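J.:
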Amino acid sequence: MKKLLQIFTTISVVGTSVGSVVACAKKYTFDSSIWVITDGGTTSDLAFNQSAWEGASKYVVSTVNPSVPLPQWKKSKWRSSYFEPVSQTPGDFKSAYITSSIAGAKTLVLPGFNHGNTIGWAAGLVDNIIYIDGSGQGIHLNMNPSAPLAKNIIGITYQAEASGFYASLAASIYLNAHQKEYDNELKIGSYGGMDNPIAVSNYMWGFLVGADLFNVIINSLPGQKMNYLKNEILKQVQTINSKITTLQPIIKVQNVLNKNESWFSQSFQAGDGKIISDELLSRGAKIIFPVAGAQVQDTVNQIRTNNVNTKIVGVDTEQSKIYGEDIVVTSALKQISTSTFDALKNIYSSQCGYDVKNNNWNENNKTTTCWINTDQTSVDHPSWTGIETTKWIKADLVNFLHNTTDEHTKDTPFDKMVKVLQYAYKDGIDNHPPIAMNAFSSTLQNTYENQTTLKQYLLTAVENAL
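Residue 467 is where the sequence shown ends in the working numbering, and the numbering goes up by one at each step.
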């Protein structure tokens, strides 16, 4: 660690404060071979960056301090190293990669797709890269189009449309449990920072589709395939509010087929979510799902400024721990800590040709189960999705909606639905092309017959899955 501190104090490009590093050094012992380079945040931001650092640190503890039970890994003083650039500029990111490389980094964990503009530089400096919430495809070494493609990147992506879907169902159940409080106007809205079909728009799409499938279920008739779920949902609602006897539909405040509808704030900068949040509130949204990074705070601020009875569904991490359960019903999760740990466990194994004794990798010993691959495809896993447990959304309700184990025999009916939705979104089903397009408006056009009705072929496929 002394060597690490010397590097931090002597290299002029360092972005994190020396004081914070010194304070951290007194508390922890750092593994210099695994580094997390944050994406405009800190390792204590209760969000993406902290989750990635905790996942990396948990892995470090499992290898360096294995006597500590994994569930209690925080009791160990061992941690992954980290670097907090002062900004998200390419220059600051590049400086962070260089600094960590000099300090002995063999693997870099890069949370956030902002690293996508610089990741090729990182790939040329260390043995392995874990790129969180982004694809490693098309990345050339040193960001030089004429250079070879990087072959040392694991792109970790998340089935965010699934998390958005489960969060929507949970929000629909919450709203129904509070029908009187909302005058039977159970309205939802959503917005994103910018249109990104693998990290933003898919979240929003799953959220909207979840509400509409909820409506299909509660409007189903005896004998129809979804009808048996109506009573099961009502039981979940009555667990929260025993006085509810009839389920009410969920209303989208945004018109999904209006080409001029506003869905994005066009940035992820704090403050830029104020206008669109006010618009959704003016339309009567009782739950808002902001997929816009720091602009979640903007939505929370506008709810409190306007003194309205509206709550939010958080995004990516357990945001009730940031904003409080008085305003966060649940959060649509990306299990960043778990996926980071899983990726490191894969890299540092014989599957990827890792030699423990010499602490290096032999390409000739790599197997097909190594997540680092020459075609640069990304990795995702159903266990990396889900929703947050809160005082509103108890564990029993979470389990009713989603099976988080690897035992697919325990999949819920909603898990079966979401698999169909994912195929439709990414690959296409029943001879129809993929629903997802580059523009979110096109994705919605491919999804809906009208404002409240899903495309019939999609609905039929979901019903058949049951």
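Here a beta-carbon is modelled for each residue, glycine too, at the ideal position from N, C-alpha and C.
A quick note: this is a predicted structure, and the numbers were derived from the prediction, not measured.
In three-state DSSP terms, what is residue 470?
T.: Here the chain has residues from 2 to 467 only, and residue 470 is not among them.
J.: By DSSP's criteria, residue 80 is part of a beta bridge. Which residues make up the other side?
T.: If you number the sequence shown from 1, residue 80 lands on position 79. The partner list for residue 80 (beta bridge, DSSP) reads 31.
J.: If you compare alpha carbons, which of 113, 78, 107 and 80 is closest to residue 94?
T.: Position 93 of the sequence shown, counting from 1, holds the residue named residue 94. The candidate whose alpha carbon is nearest that of residue 94 is 113.
J.: Along the beta strand (DSSP E) that carries residue 334, what are the first and last residues, could you check?
T.: Here residue 334 refers to the residue found at position 333 when the sequence shown is read from its first residue. For residue 334, the enclosing beta strand (DSSP E) begins and ends at 329-335.
J.: Rank 57, 406 and 434 by C-alpha distance to the C-alpha of residue 71 and give the top, closest one.
T.: Here residue 71 corresponds to residue number 70 of the sequence shown, with the count starting at 1. It is 57.
J.: Just the C-alpha distance for residue 426 and residue 75, rounded to the nearest angstrom, thanks.
T.: As a position in the sequence shown, residue 426 is number 425, starting the count at 1. As a position in the sequence shown, residue 75 is number 74, starting the count at 1. The straight-line gap from Cα to Cα measures roughly 39 angstroms.
J.: I'd like to check one pair, residue 212 with residue 169: are the Cβ atoms closer than 8 angstroms?
T.: For this step, residue 169 is matched to residue 168 along the sequence shown. For this step, residue 212 is matched to residue 211 along the sequence shown. Yes, these two residues count as a Cβ contact at 8 angstroms.
J.: So who's on the other strand from residue 386, going by DSSP bridges?
T.: As a working mapping, residue 386 is identified with position 385 in the sequence shown. DSSP output for residue 386 lists 335 as bridge partner(s).
J.: Could you give the DSSP three-state label for residue 291: helix, strand or coil?
T.: By 1-based counting over the sequence shown, the position of residue 291 is 290. The answer is strand: DSSP assigns residue 291 an E or B state.
J.: Checking 8 angstroms against the spacing of the C-beta atoms, do residue 323 and residue 312 come in under that value?
T.: Residue 323 sits at position 322 when you count from the first residue of the sequence shown. Residue 312 sits at position 311 when you count from the first residue of the sequence shown. Not a contact, by the Cβ cut-off of 8 angstroms.
J.: As a quick exercise: from 50, 195 and 66, pick the residue whose alpha carbon is nearest that of residue 86.
T.: In the sequence shown, counting from the first residue as 1, residue 86 sits at position 85. Per the Cα distances, 50.
J.: Which residues does DSSP list as the beta-bridge partners of residue 112?
T.: Counting from one through the sequence shown, the residue named residue 112 turns up at place 111. For residue 112, the pairing in a beta bridge is given by DSSP as 133.
J.: Assuming residue 207 is part of the beta strand (DSSP E), what are its boundary residues?
T.: By one-based count along the sequence shown, residue 207 stands at place 206. Counting along the chain, residue 207 sits inside no beta strand (DSSP E); it lies in the alpha helix (DSSP H) bounded by residues 202-219.
J.: Can you say whether residue 459 is buried or exposed, counting buried as having 16 or more other CB atoms within 10 angstroms of its CB?
T.: Along the sequence shown, one-based indexing puts residue 459 at 458. Residue environment for residue 459: buried (at least 16 other C-beta atoms within 10 angstroms of its C-beta).
J.: So, at 7 angstroms on beta carbons, what are the nonlocal neighbours of residue 368 in its own chain, with the 5 sequence-adjacent residues on each side left out?
T.: Reading the sequence shown from its first residue, position 367 is the one you call residue 368. 352.
J.: Helix or strand or just coil, what does DSSP make of residue 159?
T.: As a working note, residue 159 is residue 158 in the sequence shown. Three-state result, residue 159: coil.
J.: Kindly indicate which three-state DSSP category residue 265 falls into: helix, strand or coil?
T.: Here residue 265 corresponds to residue number 264 of the sequence shown, with the count starting at 1. When secondary structure is reduced to three states using DSSP, residue 265 falls in the strand class.
J.: Inspect the beta-carbon positions of residue 198 and residue 437 and report whether they are closer than 8 angstroms.
T.: Sequence index remark: in the sequence shown, residue 198 carries index 197 (1-based). Sequence index remark: in the sequence shown, residue 437 carries index 436 (1-based). Contact: yes.
J.: Closest by CA to residue 461, which one among 29, 124 and 218?
T.: As a first step, residue 461 must be located in the sequence shown, where it is residue number 460. Among 29, 124 and 218, the Cα nearest to that of residue 461 belongs to 218.
J.: Please classify residue 154 as buried or exposed, where buried requires at least 16 neighbouring CB atoms within 10 angstroms.
T.: Locating residue 154 in the sequence shown gives position 153, counting from the first residue. Buried is the call here.
J.: Can you tell which of 34, 275 and 53 has its C-alpha closest to the C-alpha of residue 43?
T.: Counted from its first residue, the sequence shown places residue 43 at position 42. Nearest C-alpha to residue 43: 53.
J.: Select from 290, 283 and 232 the residue whose C-alpha is nearest the C-alpha of residue 306.
T.: Locating residue 306 in the sequence shown gives position 305, where the first residue counts as 1. Selected option, being the one with the closest Cα: 283.
J.: Identify whether residue 196 lies in helix, strand or coil by the three-state DSSP scheme.
T.: Position 195 of the sequence shown holds residue 196. Residue 196 falls in the coil class under three-state DSSP.
J.: According to the neighbour-count rule (16 or more other Cβ atoms, all chains shown, within 10 Å of its Cβ), is residue 325 buried or exposed?
T.: On the sequence shown, residue 325 is found 324 positions in, with the first residue counted as 1. The residue is exposed, with fewer than 16 neighbouring Cβ atoms inside 10 Å.
J.: Give me the residue from 231, 99, 385 and 456 with the minimum Cα distance to residue 1.
T.: Past the edges of the chain, shown from 2 to 467, lies residue 1, and the structure says nothing about it.
J.: With DSSP run on the structure shown, which of helix, strand or coil describes residue 150?
T.: Along the sequence shown, read from residue 1 onward, the residue named residue 150 stands at position 149. Residue 150: strand per DSSP, three-state reduction.
J.: My understanding is that residue 152 touches residue 375, with C-beta atoms under 8 angstroms, so please give their C-beta distance in whole angstroms.
T.: Translated into positions along the sequence shown, residue 152 becomes position 151. Translated into positions along the sequence shown, residue 375 becomes position 374. Their Cβ separation, rounded to whole angstroms, is 5 angstroms, which keeps residue 152 and residue 375 in contact under 8 angstroms.
J.: Taking just the CA atoms, how far does residue 89 sit from residue 83?
T.: Counted from its first residue, the sequence shown places residue 83 at position 82. Counted from its first residue, the sequence shown places residue 89 at position 88. Roughly 15 angstroms separates the two Cα atoms.
J.: Does residue 121 pass the burial test, meaning 16 or more other C-beta atoms within 10 Å, or should it be called exposed?
T.: Within the sequence shown, the letter at position 120 stands for residue 121. The residue is buried, with at least 16 neighbouring Cβ atoms inside 10 Å.
J.: Name the DSSP beta bridge partners of residue 380, please?
T.: Here residue 380 refers to the residue found at position 379 of the sequence shown. Looking at the DSSP assignment, residue 380 forms a beta bridge with 157.
J.: Tell me the DSSP secondary structure of residue 7 in three-state form.
T.: Within the sequence shown, the letter at position 6 stands for residue 7. For residue 7, the predicted model reports a pLDDT of 35, less than 50, meaning its position is unreliable and no value from the coordinates is stated.
J.: Less than 8 angstroms between the C-beta atoms of residue 143 and residue 107, yes or no?
T.: Numbered from 1 along the sequence shown, position 142 holds the residue referred to as residue 143. Numbered from 1 along the sequence shown, position 106 holds the residue referred to as residue 107. Their beta carbons are not under 8 angstroms apart, which means residue 143 does not touch residue 107 by this criterion.
J.: Just curious, the alpha helix (DSSP H) that residue 424 is in, first and last residue?
T.: Sequence index remark: in the sequence shown, residue 424 carries index 423 (1-based). From DSSP, the alpha helix (DSSP H) with residue 424 extends over 414-427.
J.: Would you check if the stretch 403-422 and the stretch 439-455 touch, i.e. whether three or more CB-CB distances between them fall below 8 angstroms?
T.: no
J.: By how many angstroms is the C-alpha of residue 204 removed from the C-alpha of residue 271?
T.: The residue given as residue 271 occupies position 270 in the sequence shown. The residue given as residue 204 occupies position 203 in the sequence shown. Rounded to the nearest angstrom, the two C-alpha atoms are 20 angstroms apart.
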